């Protein structure tokens, strides 16, 4: 018997190949898909090609996770000549070791799976799927290369899952992928993320040393240059200079290869004494519970999980307009979405929020949580991904998600 009393039968074998250098939504959602498929009776294996963040998210007695860093996209980009041949040999060995498995590439960024791996898997008679969470256009110098890659995808891939309409447009317009090969499947939020009780919020704030009168502004996620955390820090410093915002603090939770730069930026800020770097959070709920407003200043995202989690916990959110965020937030209705690419613009938006009355901020938070509960529930969105991967439920209910713990393993 499988988990949740579901009988295990011999069906398609599924091999997930991917992962990124830093933990995030790609790992959380891929693990949930793999766990659900395994619970439904499908033999599943995952090959993690960067640091192994999947093992913390899956029951090892049900799903085997193998770490093969030689298949890392980062290594191929940094040292292409040195790793090209050894990589081909490694991939050939993977195909031989896993005969008959359908391949699901989940490296995260569109067009990150090398052409040679697609062609080798296709030549081996495999059905190929890809799951793409973000664009990778910057890595392509010529339109010809993009079109050639798109032609290979059209020839090899059964279906490509993208998490936003923006990514679908990039795939068709720039790479020439056939529209019928693409399926837009929006992300979902683990049902553990719900608005806190009064007691939970009080405890979360006590643990961070926040008194009742303090207004906590926060960001949680990967620390990278594309997250515009420097803009957030400068905007917060500008807010702190306002006499009516002297009771504010900025909480930054997360980690990443850019952490040292973030630390230097904090130390040089005029508001350094009021900024807290609290590190990586395996379970981020307590951070969300303690905040008054969540800020995501990134100019580009796939479909940001941290923003969705913050909304699910009833937090008013401020973010930059892009395909995914305007899908999530209607400005002034369930949050704020506007150009916050510069510190001045973000500080003005923060002051607008801080000046709002309690009834307004409560209404925004409740509307945010309702948006996630009704439109981005796991029950709806995960089913869409399973359908796109041709994994039938056959009348079964989705299994409950596996307990989530995501540990940061260094840059």
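In UniProt numbering, the protein residues as written are 1 to 411.
For glycine and all other residues, C-beta sits at the position ideal for the given N, C-alpha and C.
Being a predicted model, the structure only gives us computed values, none of them experimental.
{"Check": "For residue 317, three-class secondary structure by DSSP", "Outcome": "strand"}
{"Check": "Alpha carbon of residue 21 to alpha carbon of residue 49, nearest angstrom", "Outcome": "9 Å"}
{"Check": "Cβ pair residue 378, residue 189 closer than 8 Å", "Outcome": "yes"}
{"Check": "Residue 158 - DSSP class collapsed to helix/strand/coil", "Outcome": "strand"}
{"Check": "Buried versus exposed call for residue 300 [16 or more other C-beta atoms within 10 Å across all chains shown]", "Outcome": "exposed"}
{"Check": "Residue closest to residue 37, alpha-carbon to alpha-carbon, out of 331, 16, 85 and 231", "Outcome": "16"}
{"Check": "Nearest-angstrom Cα separation, counted from residue 386 out to residue 347", "Outcome": "42 Å"}
{"Check": "Euclidean distance between Cα positions of residue 393 and residue 380", "Outcome": "13 Å"}
{"Check": "Local conformation of residue 396 per DSSP, three classes", "Outcome": "coil"}
{"Check": "Chain-order list of residues whose beta-carbon lies under 7 Å from that of residue 91 (same chain, five-residue window excluded)", "Outcome": "71, 117 and 120"}
{"Check": "Limits of the alpha helix (DSSP H) - the one that residue 365 falls within", "Outcome": "358-375"}
{"Check": "Integer Cβ distance of residue 52 from residue 67, believed to fall under 8 Å", "Outcome": "4 Å"}
{"Check": "In chain order, each beta strand (DSSP E) run of at least 3 residues that lies wholly inside the stretch 140-210", "Outcome": "157-162 and 182-184"}
{"Check": "Own chain residues within Cβ distance below 7 Å of residue 203, not counting five before or after", "Outcome": "none"}
{"Check": "Whole-angstrom C-beta distance between residue 316 and residue 365, which should lie under 8 Å", "Outcome": "5 Å"}
{"Check": "Residue 170 to residue 135 span [Cα, whole Å]", "Outcome": "8 Å"}
{"Check": "Among 233, 403, 239 and 246, the one whose alpha carbon lies nearest that of residue 261", "Outcome": "233"}
{"Check": "N- and C-terminal bounds of the beta strand (DSSP E) containing residue 102", "Outcome": "102-109"}
{"Check": "Other residues of its chain near residue 238: CB distance less than 8 Å, five sequence neighbours each side excluded", "Outcome": "343, 344 and 347"}
{"Check": "Three-state class that DSSP yields for residue 282 in the structure shown", "Outcome": "coil"}
{"Check": "Residue 157, buried or exposed, once every other Cβ within 10 Å from all chains shown has been counted against 16", "Outcome": "buried"}
{"Check": "Straight-line Cα distance separating residue 60 from residue 102", "Outcome": "20 Å"}
{"Check": "Per-residue burial, residue 217 [other beta carbons within 10 Å of its own, 16 or more giving buried]", "Outcome": "buried"}
{"Check": "CB contact flag (residue 227, residue 324, <8 Å)", "Outcome": "no"}
{"Check": "Contact between the stretch 326-338 and the stretch 391-406 (3+ Cβ pairs under 8 Å)", "Outcome": "no"}
{"Check": "Residue 276 - partner residues in DSSP beta bridges", "Outcome": "251"}
{"Check": "Contact belief for residue 167 with residue 132 at Cβ below 8 Å, rounded distance in angstroms", "Outcome": "6 Å"}
{"Check": "Cβ shell of residue 266 (< 7 Å), same chain only, five flanking positions each side left out", "Outcome": "233, 272, 275 and 277"}
{"Check": "Residues bridged to residue 65 [DSSP beta-bridge criterion]", "Outcome": "46"}
{"Check": "Own chain residues within Cβ distance below 6 Å of residue 31, not counting five before or after", "Outcome": "54, 57 and 58"}
{"Check": "Cα-Cα separation between residue 231 and residue 219, rounded to whole angstroms", "Outcome": "12 Å"}
{"Check": "Own chain partners of residue 398 with C-beta closer than 8 Å, once the 5 adjacent residues on each side are dropped", "Outcome": "36, 378, 379, 382 and 383"}
{"Check": "Supposed contact pair residue 388 and residue 148 - C-beta distance, whole angstroms, cut 8 Å", "Outcome": "Incorrect: roughly 25 Å between the Cβ atoms, too far for contact."}
{"Check": "Residue 331 - DSSP class collapsed to helix/strand/coil", "Outcome": "strand"}
{"Check": "Between the CA atoms of residue 185 and residue 14 - distance to the nearest angstrom", "Outcome": "19 Å"}
{"Check": "Beta-carbon spacing of residue 223, residue 108 below 8 Å", "Outcome": "no"}
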